[in-house]
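Trainee:
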Amino acid sequence: MGKGASFWEHLDALRGVILRVLAGVVLVSIVAFCFKDELFSLLLAPKEPDFWTYRMLDRLAAFFSSEPEATKFSVSLINTQLAQQFLTHMQVSFYTGFVVVFPYMLYEVFRFVSPALYSQEKFYVKRVVVSGYLMFMLGVLLCYYMIFPLTFRFLATYQVSELVENQIVLDSYIDTFVMLSLMMGILFELPVLSWLFAKLGFITSAFLAQYRKHAFVGILLVAAFITPTSDVFTLLIVALPIYLLYEVSILIIRP
1 MGKGASFWEH
11 LDALRGVILR
21 VLAGVVLVSI
31 VAFCFKDELF
41 SLLLAPKEPD
51 FWTYRMLDRL
61 AAFFSSEPEA
71 TKFSVSLINT
81 QLAQQFLTHM
91 QVSFYTGFVV
101 VFPYMLYEVF
111 RFVSPALYSQ
121 EKFYVKRVVV
131 SGYLMFMLGV
141 LLCYYMIFPL
151 TFRFLATYQV
161 SELVENQIVL
171 DSYIDTFVML
181 SLMMGILFEL
191 PVLSWLFAKL
201 GFITSAFLAQ
211 YRKHAFVGIL
221 LVAAFITPTS
231 DVFTLLIVAL
241 PIYLLYEVSI
251 LIIRP
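Given below as structure tokens:
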């Protein structure tokens, strides 16, 4: 769409972008819906005691201790509403479609606004779009293999009394997984946003370096909120990657 196009032509082009993105999300969601067993075996894997993360922790415990304590646990998910499993199936399929189509969505948005941008601005936008998606997916993967399993194991096995048995509802499991994944994906956008804000003149590397100690305390608080566990090991697993991203941000925007 050229710069001289009318308002209605821009509106029609925007409508085309929205329809193409929605069609992509719906198409991928339908495909994901058809692969229910594979989709939920992947999503529900962190609740199993033989999940990769728990096996690695067992090996670490065996390496540092001659008599490591067993970390096996058993947690079953239940459903309490008639249509909840079907609705959860649709919800997870839609989330899958959204994540898979997200790069195409960014591409369509960029193609829509690119005629109004200068060549240098187009270069910045391209880098933000590509690196932003990669960092978001990296945060989601870290959540899947580390943050969510540790959080789930702690909360699902925590008891105020042996007389109170935990029965985890399916939608609670899914909602927690989605929330933590989105939070980690957003937190991993820190270097990308820092680079963009530096290009816009809002921050500098000297500013970030000056408040490094304050940032570390804030990161510890965020990590404690994300993983409400009682051990320092889990807290550091969450906090250290985020702090490393903060240091990477300083290096990226350093002149």
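Start counting the sequence shown at 1; every next residue gets the next number (the numbering used here). Note that beta-carbon positions come from the ideal geometry of N, C-alpha and C, so glycine has one too.
Flag this pair as touching only if the stretch 135-143 and the stretch 51-67 have three or more C-beta atom pairs under 8 Å; answer yes or no.
Mentor: Short answer: they don't touch.
Trainee: When we look at the beta-carbon of residue 217 and count the other beta-carbons within 10 Å, is it buried (16 or more) or exposed?
Mentor: Here residue 217 is taken as the residue at index 217 of the sequence shown, counted from 1. Label assigned to residue 217: exposed.
Trainee: In this structure, how does DSSP classify residue 77 when only helix, strand and coil are distinguished?
Mentor: The count along the sequence shown starts at 1 and reaches residue 77 at position 77. Of the three classes helix, strand and coil, the one that applies to residue 77 here is strand, per DSSP.
Trainee: Per DSSP, what kind of secondary structure is residue 164 in: helix, strand or coil?
Mentor: For the purposes of this step, residue 164 is identified with residue 164 of the sequence shown, where counting begins at 1. Here residue 164 sits in coil by DSSP.
Trainee: Report the rounded CA-to-CA distance for residue 185 versus residue 191, giving the unit in angstroms.
Mentor: Position 185 of the sequence shown, counted from the first residue, corresponds to residue 185. Position 191 of the sequence shown, counted from the first residue, corresponds to residue 191. When rounded, the distance between both Cα atoms is 12 Å.
Trainee: Indicate whether residue 21 and residue 97 have their beta-carbon atoms separated by less than 8 Å.
Mentor: Here residue 21 refers to the residue found at position 21 when the sequence shown is read from its first residue. Here residue 97 refers to the residue found at position 97 when the sequence shown is read from its first residue. Contact: no.
Trainee: With three or more beta-carbon pairs closer than 8 Å as the criterion, would you say the stretch 30-37 touches the stretch 86-102?
Mentor: Flag = yes, the stretch 30-37 and the stretch 86-102 touch.
Trainee: Here's the rule I'm using: 16 or more other beta-carbon atoms within 10 Å means buried, otherwise exposed. How should residue 303 be labelled?
Mentor: Look at the range of the chain in this structure, 1 to 255, and you will see that residue 303 is not part of it.
Trainee: Verify whether the separation of the beta carbon atoms of residue 219 and residue 242 is less than 8 Å.
Mentor: In the sequence shown, counting from the first residue as 1, residue 219 sits at position 219. In the sequence shown, counting from the first residue as 1, residue 242 sits at position 242. It is a contact, given that the beta carbons lie within the stated cut-off.
Trainee: If we ignore side chains and look at the alpha-carbon of each, how far apart do residue 75 and residue 250 end up?
Mentor: Within the sequence shown, numbered from 1, the residue matching residue 75 stands at position 75. Within the sequence shown, numbered from 1, the residue matching residue 250 stands at position 250. Roughly 42 Å separates the two Cα atoms.
Trainee: Count the other C-beta atoms from every protein chain shown that fall within 10 angstroms of the C-beta of residue 80, then say buried if there are 16 or more, exposed otherwise.
Mentor: Position 80 of the sequence shown, counted from the start, is the residue given in the question as residue 80. With fewer than 16 Cβ atoms within 10 Å of its Cβ, residue 80 is classed as exposed.
Trainee: Does the distance from the C-beta atom of residue 24 to that of residue 101 stay below 8 Å?
Mentor: Translated into the one-based positions of the sequence shown, residue 24 becomes position 24. Translated into the one-based positions of the sequence shown, residue 101 becomes position 101. In this structure, residue 101 lies closer than 8 Å to residue 24 by Cβ.
Trainee: Quick test of your reading: residue 37 and residue 88, contact by CB under 8 Å. State the CB separation rounded to the nearest angstrom.
Mentor: Your numbering for residue 37 matches position 37 in the sequence shown. Your numbering for residue 88 matches position 88 in the sequence shown. Residue 37 to residue 88, Cβ: 14 Å. No contact.
Trainee: Classify residue 246: buried if its beta carbon has 16 or more other beta carbons within 10 angstroms, exposed otherwise.
Mentor: Indexing the sequence shown from 1 puts residue 246 at position 246. Per the 10 Å Cβ criterion, buried.
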